[in-house]
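Trainee: First to last, the protein sequences are chains P and Z.
Counting along the first sequence from 1, when you hit position 106 you're at 106 in this note's numbering, and nothing is skipped either side.
Converting from the second sequence to this note's numbering requires adding 509 to each position, the first position being numbered 1.
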Amino acid sequence: MNDAHPTPASPSTPVPITTPLQPGQVLDGFVLEARLHQGGMANLWQVRRQSPADAPEGETFPLIMKVPRIKGGEDPASIVGFEVEQMILPALKGPHVPRFVARGDWRRQAYIVMERIEADSLRPRLDQAPLPLVEVVEIGIQVAHALTDLHRQHLVHLDIKPSNILLRPDGSVVLVDFGLSRHDFLPDLLEEEFSLPMGTGPYMSPEQVQFVRNDPRSDLFALGVMLYHLSTGERPFGQPTSVRQLRRRLYVDPIPPRAIRPELPPWFQEIVLHCLEVRAERRYQSAAQLALDLQRPDAVPLTARAHKLQRSGLVRRFKRWFLALGEEPQAPASVGAQVARSPVIMAAVDVQGATPALLEALREVVRRLMQTEPGARLACVGVMKTNRLGMDELTDAQGRSHHVQQLIALKNWAHPMTRELALEDGRLTFHVLEAPDTGDALIEFAAKTGVDHVVMGARASSVIRRYLGSVSAQVVTQCTCSVTVVREPPQPDDPPPPDSPPISPSASN
Amino acid sequence: MKTALISDLHANRQAFAAVLDHARRQGALHFALLGDYVGYGSDPGWVVDQVRALREDGAIVVAGNHDLGVTQGPRPTMNDDARAAILWTRAQLSESQLAFLASLPMAEEEDDCLYVHANAFDPTGFAYVQGRLEAMRSLHATECRYTFCGHMHEPMLYHLSGTGKAGDFRPQPGVPIPLLPNRQWLVIPGACGQPRDGNPAAAYALFDHDTEELTFQRVPYDVEAAAAALRAASGLPAGLADRLAQRLAIGR
Numbered sequence: 001m002n003d004a005h006p007t008p009a010s011p012s013t014p015v016p017i018t019t020p021l022q023p024g025q026v027l028d029g030f031v032l033e034a035r036l037h038q039g040g041m042a043n044l045w046q047v048r049r050q051s052p053a054d055a056p057e058g059e060t061f062p063l064i065m066k067v068p069r070i071k072g073g074e075d076p077a078s079i080v081g082f083e084v085e086q087m088i089l090p091a092l093k094g095p096h097v098p099r100f101v102a103r104g105d106w107r108r109q110a111y112i113v114m115e116r117i118e119a120d121s122l123r124p125r126l127d128q129a130p131l132p133l134v135e136v137v138e139i140g141i142q143v144a145h146a147l148t149d150l151h152r153q154h155l156v157h158l159d160i161k162p163s164n165i166l167l168r169p170d171g172s173v174v175l176v177d178f179g180l181s182r183h184d185f186l187p188d189l190l191e192e193e194f195s196l197p198m199g200t201g202p203y204m205s206p207e208q209v210q211f212v213r214n215d216p217r218s219d220l221f222a223l224g225v226m227l228y229h230l231s232t233g234e235r236p237f238g239q240p241t242s243v244r245q246l247r248r249r250l251y252v253d254p255i256p257p258r259a260i261r262p263e264l265p266p267w268f269q270e271i272v273l274h275c276l277e278v279r280a281e282r283r284y285q286s287a288a289q290l291a292l293d294l295q296r297p298d299a300v301p302l303t304a305r306a307h308k309l310q311r312s313g314l315v316r317r318f319k320r321w322f323l324a325l326g327e328e329p330q331a332p333a334s335v336g337a338q339v340a341r342s343p344v345i346m347a348a349v350d351v352q353g354a355t356p357a358l359l360e361a362l363r364e365v366v367r368r369l370m371q372t373e374p375g376a377r378l379a380c381v382g383v384m385k386t387n388r389l390g391m392d393e394l395t396d397a398q399g400r401s402h403h404v405q406q407l408i409a410l411k412n413w414a415h416p417m418t419r420e421l422a423l424e425d426g427r428l429t430f431h432v433l434e435a436p437d438t439g440d441a442l443i444e445f446a447a448k449t450g451v452d453h454v455v456m457g458a459r460a461s462s463v464i465r466r467y468l469g470s471v472s473a474q475v476v477t478q479c480t481c482s483v484t485v486v487r488e489p490p491q492p493d494d495p496p497p498p499d500s501p502p503i504s505p506s507a508s509n
Numbered sequence: 510m511k512t513a514l515i516s517d518l519h520a521n522r523q524a525f526a527a528v529l530d531h532a533r534r535q536g537a538l539h540f541a542l543l544g545d546y547v548g549y550g551s552d553p554g555w556v557v558d559q560v561r562a563l564r565e566d567g568a569i570v571v572a573g574n575h576d577l578g579v580t581q582g583p584r585p586t587m588n589d590d591a592r593a594a595i596l597w598t599r600a601q602l603s604e605s606q607l608a609f610l611a612s613l614p615m616a617e618e619e620d621d622c623l624y625v626h627a628n629a630f631d632p633t634g635f636a637y638v639q640g641r642l643e644a645m646r647s648l649h650a651t652e653c654r655y656t657f658c659g660h661m662h663e664p665m666l667y668h669l670s671g672t673g674k675a676g677d678f679r680p681q682p683g684v685p686i687p688l689l690p691n692r693q694w695l696v697i698p699g700a701c702g703q704p705r706d707g708n709p710a711a712a713y714a715l716f717d718h719d720t721e722e723l724t725f726q727r728v729p730y731d732v733e734a735a736a737a738a739l740r741a742a743s744g745l746p747a748g749l750a751d752r753l754a755q756r757l758a759i760g761r
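1. In whole angstroms, give me the CA-to-CA distance for Thr241 (chain P) and Thr19 (chain P).
2. In this structure, what does DSSP give as the bridge partners for Lys66 (chain P)?
3. Let me know the beta strand (DSSP E) ranges lying completely inside the segment 369-439 of chain P, each 3 residues or longer, listed in chain order.
4. Using CA coordinates, which residue listed in Z:Asn691, Z:Ala736, Z:Ile759, Z:Pro685 is at the minimum distance from Gln535 (chain Z)?
5. Quick one: is Phe185 (chain P) near chain Z, going by C-beta distance under 8 Å?
6. Are there three or more Cβ pairs, one per stretch, closer than 8 Å when the segment 696-704 of chain Z is compared with the segment 712-730 of chain Z?
7. Just checking: is the beta-carbon of Pro664 (chain Z) within a distance shorter than 8 Å of some beta-carbon in chain P?
8. Nearest by alpha-carbon distance to Asp440 (chain P): which of P:His415, P:Ala473, P:Trp413, P:Glu360 is it?
9. Given a cut-off of 8 Å, decide if Tyr637 (chain Z) and His668 (chain Z) are closer than it, judged by their beta-carbon atoms.
10. Under a Cβ-count criterion, where at least 16 other Cβ atoms within 10 Å of its own Cβ denotes burial, should Phe609 (chain Z) be classed as buried or exposed?
11. Considering only DSSP beta bridges, list what Met715 (chain Z) is partnered with.
12. Looking only at its own chain, which residues have a Cβ that is under 7 Å from the Cβ of Val485 (chain P), when we skip the five neighbours before and after it?
13. How would you write the range of the alpha helix (DSSP H) that Met226 (chain P) sits in, first residue to last?
14. In the DSSP assignment, the alpha helix (DSSP H) including Leu607 (chain Z) goes from what residue to what residue?
15. Can you tell me whether Leu190 (chain P) is buried or exposed, with buried defined as 16 or more other CB within 10 angstroms of its CB?
16. Between Lys511 (chain Z) and chain P, is any beta-carbon pair separated by less than 8 Å?
17. So with CB distances below 9 Å, who are the chain Z contacts of Leu41 (chain P)?
18. Using a beta-carbon distance below 8 Å, is Thr598 (chain Z) in contact with chain P?
19. In this structure, does DSSP put Gly104 (chain P) in helix, strand or coil?
20. Near Pro490 (chain P), what residues of its chain come up, given a Cβ to Cβ distance below 7 Å and the 5 sequence neighbours on each side ignored?
21. Is the Cβ of Arg363 (chain P) closer than 8 Å to any Cβ of chain Z?
22. Contact criterion: CB-CB distance below 8 Å. Does Pro698 (chain Z) meet it with respect to chain P?
23. By Cβ distance below 6 Å, which residues in the same chain neighbour Ala734 (chain Z) in space, the five residues on each side in sequence not counted?
24. Relative to the C-alpha of Val544 (chain P), which candidate in P:Arg316, P:Gly94, P:Ser482, P:Leu89 has its C-alpha closest?
25. Can you give me, in chain order, the residues of the segment 90-117 of chain P that have a beta carbon less than 7 Å from any beta carbon in chain Z?
26. Identify the residues that DSSP records as bridge partners of Glu138 (chain P): which are they?
27. Ends of the alpha helix (DSSP H) at His649 (chain Z)?
28. For a cutoff of 8 Å on Cβ pairs, would you count Val300 (chain P) as touching chain Z?
29. Starting from the beta carbon of Pro76 (chain P), find every residue of chain Z whose beta carbon is closer than 9 Å, and list them in chain order.
30. By how many angstroms is the C-alpha of Ala447 (chain P) removed from the C-alpha of Pro11 (chain P)?
31. Where does the unbroken alpha helix (DSSP H) through Leu294 (chain P) begin, and where does it stop?
32. Name the two residues that bound the continuous beta strand (DSSP E) containing Met665 (chain Z).
33. Span of the alpha helix (DSSP H) holding Thr764 (chain Z)?
34. Could you please give me the residues that DSSP links to Thr656 (chain Z) through a beta bridge?
35. At a Cβ cut of 8 Å, what residues of the segment 693-726 of chain Z count as close to chain P, listed as they run along the chain?
36. Got a sec: which bits of the segment 15-38 of chain P sit with their beta carbon under 8 Å from any beta carbon on chain Z, in order along the chain?
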């Protein structure tokens with residue numbers, strides 16, 4: 001059936017290419033121009049189409065060909081890993097992966113032709129560690145955004161490390177090498193193949209050590225290892241060379257980053273150690289939740305993690321070691337299931353302008369959302385209007401106190417719900433945005449922090465609103481995520497007589 | 510070229526018509542029908558006529574256990590519902606329709622693809638491929654890279670690597686899966702006419718021979734009409750018709 005590519009032999013038995021590939025050689029219509037890179041598992045060739053007319057529409061980018069290096073006969077690890085990548089790459093799209101172009105038949109010559117990304121990997125940055133904190137945080141934000149995108153595509157990468165991250169000149173990142181990855185909707189060729197944990201020793205999550213291959217939180221652990229290394233210059237779990245050494249991370253926690261570099265702020269240590277929690281359910285529940293904290297350090301709730309200056313003592317470690325012996329990690333049903341149950345929910349609350357009834361209705365809707373999604377993260381956001389022009393010192397001082405008051409009011413609004421749902425461990429943050437335009441500020445916050453669902457109130461119509469449009473209408477039309485608008489509960493037409501009892505319980509706390 | 514793989518039609522006219530229409534709109538030019546055209550459903554004559562017409566147009570058509578059951582009479586291993594349905598079906602078909610079913614081969618091989626109703630190791634014994642062990646046994650029994658079979662009513666994909674490791678996968682409809690050529694694959698598209706995985710939508714699969722991509726499909730069809738036709742079928746015991754109609758509605 002392979003009449004598109006006539007070969008001398010029958011289509012079921014292609015003739016294998018046995019001689020090493022040479023510059024100038026043509027393989028299935030691709031001209032090998034120069035070898036760019038010789039890696040441990042694969043070589044990269046710069047290629048172009050022999051006849052550019054063969055290129056499908058939109059293929060306007062430079063190409064590379066990745067060719068696996070098979071060491072000494074058959075090497076199952078590299079063969080299956082390459083098959084996995086041949087299978088997964090075509091299923092991925094978006095700015096954080098190279099675009100797939102073609103794949104080569106294993107029985108002749110295996111390869112993948114894909115978009116050439118004009119960017120360097122983060123690998124050389126590792127030798128320069130410790131890097132300045134701003135740079136580490138920026139890398140963390142970009143990688144977390146890329147992971148959010150891939151996890152939403154039902155993929156867990158499972159080999160996040162500096163050499164698999166390409167940094168574009170504009171600061172965004174592209175993730176490469178999907179040889180260990182797992183896609184919800186494609187067969188896992190690696191699952192049955194090997195009896196050893198698969199991954200890169202220093203970065204492998206505890207559940208990966210225990211053979212779980214579908215938890216997106218594994219990538220957050222690896223990112224935590226990378227942030228730790230880039231900021232301290234040290235590896236949190238060393239360079240294990242045996243399964244026994246790999247298992248140490250199940251019970252020995254890393255030296256806190258601030259014990260190595262005391263100038264690192266507590267919020268940064270909080271974030272890194274939150275990523276490095278042994279149990280996935282104690283980590284950030286999604287990459288978007290991690291990105292939110294990296295972008296808003298002032299709002300990161302500090303726990304004991306932020307202030308630790310040494311590892312846990314021997315007794316604690318022994319206890320964990322003992323518990324880890326028979327422990328089975330709780331794996332999610334799929335990557336998609338874990339992503340779906342860990343949304344970032346944003347409550348936009350106008351604590352000063354809204355009526356008590358609307359504030360209560362809004363809180364009830366948010367409470368229901370948070371209750372149904374135990375992995376959800378809630379960001380309560382208020383906007384403090386500022387003048388468009390700069391402020392002098394006096395108004396700045398007033399502004400500070402105004403800011404703090406708004407924060408207090410926001411926390412007070414959320415309190416009945418946070419107490420009932422016991423929202424703890426970073427599942428809840430408060431943000432007061434200072435901006436001249438409320439709608440713009442909310443839309444920008446939602447976009448930048450990867451909010452999945454905005455919940456906000458809308459007051460009854462007023463004359464001004466009819467002419468200028470409401471904030472909620474602006475957010476609904478301009479936000480790319482889901483928006484729920486909570487209406488003020490209907491009020492009785494006639495106000496009750498002054499001596500009658502209140503109709504509803506008080507909205508105050 | 511795209512082949513539509515359709516199995517276990519079970520005389521369900523509404524499901525088969527919806528699947529044929531869907532497959533043609535997806536660009537399928539070739540059909541492979543993997544057996545069990547009759548039994549359980551209300552419209553065996555219409556379905557057999559369609560199958561015959563497709564075969565005249567070059568479709569691959571192999572026999573299933575229900576097709577043999579109808580032409581040879583029920584087999585002792587069949588359950589009571591299957592037996593009653595087969596006796597009723599036999600009465601609905603013309604001589605030439607029965608002769609067509611009796612003429613069907615057990616398996617067909619073409620371009621590295623094996624088409625068979627139940628498995629490759631014993632096509633006439635109709636052993637079920639219920640898991641990796643049977644899938645491995647079937648893949649070992651053929652030289653073909655791809656095996657397409659039915660008999661099991663739930664969509665499933667098995668693969669066997671060069672190192673002898675077998676894997677299984679429960680597919681997601683609508684997602685293309687590259688069936689890479691350096692392993693063997695066994696594809697169960699699922700039942701068109703009597704799905705049993707809790708989803709009443711008709712199942713089938715599309716295989717693109719050029720890109721080597723397989724896509725499982727689910728097609729919602731008028732289940733109520735199929736159920737009503739069963740209940741209205743004259744001569745079919747009312748209790749049996751009701752049970753069969755109910756199974757269609759819940760996909761069990």
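Just so it is clear, CB atoms sit at the ideal spot from N, CA and C, and this is done for glycine as well.
Owing to the predicted nature of the structure, the values given are computational and were not obtained by experimental measurement.
Mentor: Reading it off the structure:
1. Locating residue 241 (chain P) in the first sequence gives position 241, where the first residue counts as 1. Locating residue 19 (chain P) in the first sequence gives position 19, where the first residue counts as 1. Between Thr241 (chain P) and Thr19 (chain P), the C-alpha separation is close to 34 Å.
2. For the purposes of this step, residue 66 (chain P) is taken as residue 66 along the first sequence, with counting starting at 1. Beta-bridge partners of Lys66 (chain P) (DSSP): P:Leu44, P:Ile112.
3. 377-385, 428-435
4. Sequence index remark: in the second sequence, residue 535 (chain Z) carries index 26 (1-based). It is Z:Pro685 whose Cα lies nearest to the Cα of Gln535 (chain Z).
5. Within the first sequence, numbered from 1, the residue matching residue 185 (chain P) stands at position 185. Closer than 8 Å: yes.
6. yes
7. Sequence index remark: in the second sequence, residue 664 (chain Z) carries index 155 (1-based). Among the residues facing chain P, Pro664 (chain Z) is not included, as its CB has no counterpart in that chain under 8 Å away.
8. The sequence position of residue 440 (chain P) within the first sequence is 440, counting from 1. The option with the nearest alpha carbon to Asp440 (chain P) is P:Ala473.
9. Residue 668 (chain Z) sits at position 159 when you count from the first residue of the second sequence. Residue 637 (chain Z) sits at position 128 when you count from the first residue of the second sequence. It is not a contact, given that the beta carbons lie outside the stated cut-off.
10. Numbered from 1 along the second sequence, position 100 holds the residue referred to as residue 609 (chain Z). By the neighbour-count criterion, in which a residue is buried when 16 or more other Cβ atoms sit within 10 angstroms of its Cβ, Phe609 (chain Z) is buried.
11. Here residue 715 (chain Z) refers to the residue found at position 206 of the second sequence. The residue asked about is misnamed: residue 715 (chain Z) is Leu in this sequence, not Met. In DSSP, Leu715 (chain Z) forms a bridge with Z:Ala513, Z:Thr724.
12. Taking the first sequence and counting its residues from 1, one reaches residue 485 (chain P) at position 485. Once the five neighbours on either side are set aside, the close Cβ partners of Val485 (chain P) are Met456, Ala458, Ser472, Val476.
13. Counting from one through the first sequence, the residue named residue 226 (chain P) turns up at place 226. Counting along the chain, the alpha helix (DSSP H) containing Met226 (chain P) begins and ends at 217-232.
14. Translated into positions along the second sequence, residue 607 (chain Z) becomes position 98. Element bounds for Leu607 (chain Z): 604-611.
15. The residue labelled residue 190 (chain P) in the question sits at position 190 within the first sequence. When all chains shown are included, Leu190 (chain P) counts as buried.
16. Here residue 511 (chain Z) refers to the residue found at position 2 of the second sequence. False, the Cβ-Cβ gap to chain P never drops below 8 Å.
17. As a working mapping, residue 41 (chain P) is identified with position 41 in the first sequence. It should be noted that the sequence gives Met, not Leu, for residue 41 (chain P). Neighbours of Met41 (chain P) on chain Z: none; closest Cβ ~17 Å, over 9 Å.
18. By one-based count along the second sequence, residue 598 (chain Z) stands at place 89. It does not: the Cβ of Thr598 (chain Z) has no partner Cβ on chain P nearer than 8 Å.
19. The residue given as residue 104 (chain P) occupies position 104 in the first sequence. Gly104 (chain P) falls in the strand class under three-state DSSP.
20. Counting from 1 along the first sequence, the entry for residue 490 (chain P) is found at position 490. Exclusion of the five residues before and after Pro490 (chain P) leaves no residue of its chain whose Cβ lies closer than 7 Å to its Cβ.
21. Here residue 363 (chain P) refers to the residue found at position 363 when the first sequence is read from its first residue. Output row for Arg363 (chain P): interface = no.
22. For the purposes of this step, residue 698 (chain Z) is taken as residue 189 along the second sequence, with counting starting at 1. False, the Cβ-Cβ gap to chain P never drops below 8 Å.
23. Numbered from its first residue, the second sequence carries residue 734 (chain Z) at position 225. In chain order, Gln523 place their CB closer than 6 Å to the CB of Ala734 (chain Z), counting only its own chain and leaving out the 5 sequence neighbours on each side.
24. Chain P is shown only over 1 to 509; residue 544 (chain P) falls outside these bounds and no answer can be derived.
25. Pro90, Asp105, Trp106, Arg107
26. For the purposes of this step, residue 138 (chain P) is taken as residue 138 along the first sequence, with counting starting at 1. Answer by DSSP bridge pairing: none, since Glu138 (chain P) is not bridged.
27. Start at 1 with the first residue of the second sequence, and residue 649 (chain Z) comes out as number 140. Element bounds for His649 (chain Z): 641-649.
28. The residue you call residue 300 (chain P) lines up with position 300 of the first sequence. Judged by the 8 Å Cβ criterion, Val300 (chain P) is not in contact with chain Z.
29. For the purposes of this step, residue 76 (chain P) is identified with residue 76 of the first sequence, where counting begins at 1. The answer, in chain order, is Ser670, Gly671, Thr672, Lys674.
30. Along the first sequence, one-based indexing puts residue 11 (chain P) at 11. Along the first sequence, one-based indexing puts residue 447 (chain P) at 447. Model confidence at Pro11 (chain P) stands at a pLDDT of 48, short of 50, so the residue's coordinates are unreliable and nothing is read from them.
31. In the first sequence, counting from the first residue as 1, residue 294 (chain P) sits at position 294. Start and end: 287-295.
32. Residue numbering aside, residue 665 (chain Z) sits at position 156 when the second sequence is read from its first letter. Taken as a continuous stretch (DSSP letters only), the beta strand (DSSP E) holding Met665 (chain Z) covers 665-669.
33. Residue numbering for chain Z in the displayed model covers 510 to 761; residue 764 (chain Z) lies beyond these limits and cannot be assessed.
34. Residue 656 (chain Z) sits at position 147 when you count from the first residue of the second sequence. Thr656 (chain Z) is bridged to Z:Leu623, Z:Leu695.
35. Those would be His718, Asp719, in chain order.
36. none
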